[in-house]
Amino acid sequence: MPEAVRSPFAFTHNNTLSILGGCRGPKDHSTNLQQCDLLTRQWTVRSVLQQGRSCFMGEVIGNGKVWVSGGFDGYESIKSAECVELNGGGSSRKMKGLGQPMKNSVSLRQGEEIYIFGGWDGKSTLDKIFKYTHSTQSTSFVGYLPYALESPAHCQADDSTLFLFGGFDSYGVTGKIIKVDLRNMEAVEYPGVNLAVKRENCTAQMLNGEYIVVAGGWGGGKAISQIEVFRYDKETKTLTRDDSMGEELLFPRNRPCSIGLI
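Heads up: the sequence shown begins at 1247 in this note's numbering, then just goes up one per residue.
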């Protein structure tokens, strides 16, 4: 990457890997969109965000548009939102922000709705689930997590199931897993299966429609290189550990971003 950042947003669009925003250092937050052509492996960098931010939520909302909201600007949690237009050279327009500042939240788009889970509002760790409708730019409360949580990894396992891995539960780094039923936003602690290494600021991806890989993060005292693999059964909607791979990242990473390419 041309620009070293932590806690940006990664996504793909038109055979291009894109890295948006992120923290470059103390009080130095990027407005840049870094893009790598997956065919030529050539990078380009351009400034597109109206406000530099890290630890924010981002969702591709179709037609070459990316919704960006919340995060941290180097000084405080923020609630502003903007929409980045990827086509036509790249630009951003301001959108109505969230009802409160939120960083370290995770989000998931479901059609017109973007669901927001947990986070930090500048005063406390949140146990709430919110819904942001990007067509009307409105925010509403829809449910609770089983406990307050910020900075987990999240991964959608199928049309109706989302998992949250690890995070910070307002007391310390946790290895617990939350299962969310996306049909009714009912969230419960998943029984009997945990991360082997407690971690926050980690990342998770679904591979081959069957395996969920959780990688990197912060263990409360140091960055983590360990990768943990879980197998998801779509028929029974159950999650089990798969400890057969034993892989690690090349070096520890705190607040990495990731994209599943297979």
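Every residue, glycine too, gets a C-beta built ideally from N, C-alpha and C.
Computed from a prediction, not measured in an experiment: that's the story for all the values here.
Item, Value
"Can you tell me where the beta strand (DSSP E) holding residue 1477 begins and where it ends?", "1470-1479"
"For the segment 1367-1385 and the segment 1337-1348, state whether three or more C-beta atom pairs, one from each stretch, are separated by less than 8 Å.", "yes"
"If the criterion is Cβ atoms closer than 9 Å, does the pair residue 1310 and residue 1260 meet it?", "yes"
"Following the continuous beta strand (DSSP E) through residue 1309, name the residue where it begins and the one where it ends.", "Looking at the DSSP string, residue 1309 is not in any beta strand (DSSP E), and its letter there is neither H nor E."
"The beta strand (DSSP E) spanning residue 1362 covers which residue range?", "1359-1363"
"Looking only at C-alpha atoms, which of 1405, 1411, 1446, 1438 sits nearest to residue 1431?", "1405"
"What residue range is occupied by the uninterrupted beta strand (DSSP E) comprising residue 1458?", "1457-1461"
"From the DSSP output, in three-state form, read off residue 1329 for me.", "strand"
"Considering Cα atoms alone, identify which of 1264, 1263, 1268, 1262 is closest to residue 1253.", "1268"
"Do you know whose CA, among 1372, 1380, 1273, 1346, lies nearest residue 1356's CA?", "1380"
"Do you know how far the Cα of residue 1313 is from the Cα of residue 1338?", "10 Å"
"For a test of the three-state rule: what should DSSP assign to residue 1354, helix, strand or coil?", "strand"
"Where in the segment 1402-1435 do unbroken runs of the beta strand (DSSP E), each at least 3 residues long, occur, reported from the N-terminal end onward?", "1407-1411, 1423-1427, 1432-1435"
"Hey, quick one: how far does the beta strand (DSSP E) through residue 1484 stretch, first residue to last?", "1484-1487"
"With burial defined as no fewer than 16 other Cβ atoms inside 10 Å of the residue's Cβ, what is the status of residue 1361: buried or exposed?", "buried"
"In whole angstroms, what is the alpha-carbon distance linking residue 1275 and residue 1488?", "37 Å"
"Going by alpha carbons, who is nearest to residue 1327 out of 1296, 1354, 1306, 1336?", "1296"
"Would you kindly work out how many angstroms separate the C-alpha atoms of residue 1439 and residue 1336, rounded to a whole number?", "43 Å"
"Of the residues 1458, 1391, 1359, 1411, which one's Cα is nearest the Cα of residue 1371?", "1391"
"When the Cα atoms are used, what is the spatial distance from residue 1451 to residue 1458?", "6 Å"
"Rounded to a whole number of angstroms, what is the C-alpha to C-alpha distance between residue 1350 and residue 1285?", "33 Å"
"Between which residues of its own chain and residue 1318 is the CB-CB distance below 6 Å, once the five residues before and five after are set aside?", "1300, 1301, 1349"
"With a CB to CB cut of under 6 Å and the five nearest residues on each side skipped, what residues in its chain are close to residue 1307?", "1313, 1380"
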